[in-house]
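Chains as they are written, first to last, in our numbering: chain A, -3 to 97; chain B, 5 to 637. C-beta atoms are modelled at their ideal positions from N, C-alpha and C, and glycine is treated no differently.
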Amino acid sequence: MRTPIAYFIVLSGILFTLGTLGVLLRKNALLIFMSVELQLNAVNLALVAFSRMHLEVDGQVIAFFSMVVAAAEVVVGLAIIVAVYRRRGTVDVDQARGLAG
Amino acid sequence: MLDPRVLVNIDWLWVVLVIPLGVAVANLFLGRRLGKLAGWIASAAVGVSFLLSLEALRELLGASAEGRLVIEHLFDWISVGGFTVGATLRLDLLSATMILVVTGVGLLIHVYAIGYMDGDPRFGRFFAYLNLFVFFMLLLVLADNYGLLYLGWEGVGLCSYLLIGFWFENRENASAAKKAFITTRVGDTLMLVGLALIVREFGTLNFSAVFGTAGQTITEGTATAISLLLFAGAIGKSAQLPLHVWLPDAMAGPTPVSALIHAATMVTAGVYLVVRSAPLFELSDIALTVVLVVGLLTMLFAGTCALAQDDIKRVLAYSTISQLGFMFMAAGMHFYTGAIFMLVAHAFYKALMFLGAGSVMHGMHEETDLQRMGGLIRRMPVTGWTFLVGAFALAGVWPLAGFFAKDQILEVANRTGRQWVYLLGTLGALLSALYIGRLLFLAFFGKARTEEAEHAHESPFVMTVPLLVLAAGTIVAGLLLSTNAEGRLASSLEAVVGPLPADQGGLSTAALLVIATAIALGALAVAWWVYASGRVDRLALRERLQPLPRAARNGWYVDRAYSTVIVDPATAAARFSANVFDRKVIDGAVNGIGAGTRRLAASARRLQTGFVRTYALGFFLGAVGVLLWLGTR
């Protein structure tokens, strides 16, 4: 018995909303970063769900790509956050206003 | 390029040119270290050129009449497609005469200048400029095409500028130099247009090619246009009406410069140009009439101005303008040999008088005011007597050079049915005898009117010897001519510039001779009576004649008219451009664009808050917007 597709999509939507709210409302760069990961995984979930619904592998392939790219992005992103912390002693994004007009 | 008539074997013409140029360059760099030697080296350079010129003339005269032409091609100067201007020299009797005058009179003036410029801090540079001038002048008269002639033409203009403003510390001298350069430039520009027209019509600037085919190639209208444009250049260079205003001011330069450039050589370049271009002028009656009328008017105009000047050099300057007018008058009557002969004679006696004036200034602590002189002949006998020779030559007293030159021209006027030219020319001769008599008697005779005149001293030998030589030249040139009424020089020049105009009858030679002599002697006698006999109160006479003397003294206010009509409006326009147009409109536009951009940026920068989360919200809303747009499409 199959789980209806809607469950996955609703869960994916909830996760994406949580991620988006996290990105918009959090001040800690690390938590914003984690929220971004949440958004990515929400999308991956949706992709895999649709893939299964259509019985095609395309969605899963894209999900794998997305994970790989996300892993790479994590490496760069975390490195930037560590560098910012070393330099400024904080990862509060509201403090990083050097480019204010 | 080879001319079959070349029979005279001369291939060293370039040496005549290169020596003054080389010494000029040497003096420019080493002049300071050479000290007084610089002057002697420069004189020697011109002396060598003079000897070579003599040798060139000797070889020319040795050849048969139709072989008297040397064309020496040195290298191609300009070569564009099929159009070539060669650095080619041309020696015929006309250019041989000219180089003899330039180097001969130039040599004497160089020697004189060694004494005159003694002690000047820029002694070496003075001689460098003077030699450079001689080089360009020789180039001008030796050129075989209009391109090279124009190079010399502009070169002498440059040297004239440098030498008028030689004592540039004085602002007046500097502005006189600029005035000379700019005024002659008006004529030069028109002349350049004339050269362009020649290139368009003939495809070459070469004299032989242009003159050889002129009769068949161009219409009379084109010939008139070319001739008048060339004559415009001559008007500027030779200070004829209406571009004469620079010459009196050019007297700001050292006196040897006035003698060499502004009396004997450069200002006569215009006459040379007209004579050299005779085959073109001959094609157009209009052009020749213009030459005649301009010369005639200038002669009379400048003669009246000279009569009222108090500055000794300005009298001579106006006199030069007047005499140049006489030469153009001759050329305007097809009497080219007369013009050239007058040019040679004038070079002698006018250089003589300029150097005499310089000697007077030297002896009186740079005094130039005639009213403050008087009786100088007792203090400065050599200067005085040589000046007297020059003055009598100019006045046209037999048997001096000026007499034959002037008499020939007036005779031609009389014999070719131009009675009005003859009458006005005689009036001009009367004027010249009057003003030069006034100068002579005010400066050298009568009682000394100031302390300085009382204690004037004679100049050193290096200055008086050139005076003596020039005086001898003035006398000998006259005697040479008196042995042959046509003049040996004149008759041999005919091969180059064409035969004399046809005789149509008129007064007999004897009658003309008597009239001319009577006028010259009469005018000199009147001048003596008014200015030296002490029997006439000349200052009261001047007051009685006002406002004429004042107007003549100011050159009939031509300068003031130029300032009102040209200089003032131009200055006002320049001021408007600089202060109003440039500052308000051009700068306004540039600054306005800058200020506008800045204002725009000031409002746009508020978008960059620096809050990362604001940017994230922006992304989010943007993404939502795009999705909505895609969904509702």
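Under the criterion of beta carbons closer than 8 angstroms, G18(A) and L27(A) qualify as touching, at roughly 6 angstroms. As the crow flies, the alpha-carbon of N558(B) is around 13 angstroms from that of S567(B). For the stretch 609 to 634 of chain B, residues whose beta-carbon sits nearer than 8 angstroms to a beta-carbon of chain A comprise R609, R610, L611, Q612, T613, G614, F615, V616, R617, A620, L621 and F624.
Each residue's CA atom was taken as its position, placing A238(B) and R376(B) some 36 angstroms apart.
Counting other Cβ atoms within 10 Å of its Cβ, M331(B) reaches 16 or more and is therefore classed as buried. Counting along the chain, no alpha helix (DSSP H) covers I570(B), and no H or E run does either.
Under the 8 angstroms criterion on CB atoms, T16(A) is classed as interfacial with respect to chain B. Among the bridge pairs identified by DSSP, R94(B) is matched with I75(B). Around the beta carbon of G35(B), 16 or more other beta carbons sit within 10 angstroms, so the residue counts as buried. When CB distances to chain B are screened at a threshold of 8 angstroms, not a single residue of the stretch 59 to 78 of chain A falls below it. In this structure, the CA atom of L392(B) is about 39 angstroms from the CA atom of L73(B).
Around the C-beta of N595(B), fewer than 16 other C-beta atoms lie within 10 Å, and the residue is accordingly described as exposed. For L7(A), the enclosing alpha helix (DSSP H) stretches over residues I1 to L21. Shown here, F170(B) sits in coil according to DSSP, grouped into three states, outside any helix or strand.
About 23 angstroms separates the CB atoms of S68(B) and V20(B); that is not less than 8 angstroms, and the two are not in contact. When secondary structure is reduced to three states using DSSP, A147(B) falls in the strand class. Taking a 10 Å sphere around the C-beta of D148(B), we find 16 or more other C-beta atoms and assign the residue as buried. Here F79(B) has A91 as same chain residues with Cβ atoms under 6 angstroms from its own Cβ, once five neighbours each way along the sequence are excluded. Of M346(B), S47(B) and A527(B), the smallest CA-CA separation from L136(B) is found for S47(B). Annotation: Cβ neighbours of R93(A) in chain B (cutoff 9 angstroms, chain order): T613, G614, F615 and V616. Inclusion of V115(B) and V466(B) in the CB contact set at 8 angstroms is warranted, their separation being smaller than that value. What L27(A) touches in chain B, judged by beta-carbon distance under 9 angstroms, is nothing: the nearest beta carbon there is about 12 angstroms away. Identification of chain B residues near A96(A) by a Cβ-Cβ cut-off of 7 angstroms yields Q612, T613 and G614, ordered along the chain. For A256(B), there is no enclosing alpha helix (DSSP H), as DSSP marks it with neither H nor E. With contacts defined by Cβ atoms closer than 8 angstroms, A481(B) and F352(B) form a contacting pair. In the DSSP assignment, N210(B) forms a beta bridge with N149(B).
V19(A) belongs to the set of residues whose beta carbon lies under 8 angstroms from a beta carbon in chain B. Cβ contact annotation for I23(B) (same chain, cutoff 6 angstroms, sequence separation greater than five): A49, V52 and S53, in chain order. In the same chain as D253(B), and ignoring 5 residues on each side of it, the C-beta atoms closer than 6 angstroms to its own belong to A180 and K183, in chain order. Taking 8 angstroms as the cut-off, the Cβ atoms of Q244(B) and G329(B) count as close. Here K354(B) is actually not in contact with Q313(B); their C-beta atoms are around 15 angstroms apart, not less than 8 angstroms. The beta-bridge partner set that DSSP reports for S83(B) consists of T88(B). Note on F131(B): 16 or more other CB atoms within 10 angstroms of its CB, so buried under the neighbour-count rule.
Beyond the five residues adjoining it in sequence on each side, Q91(A) comes within less than 8 angstroms, by CB distance, of R84 in the same chain, given in chain order.
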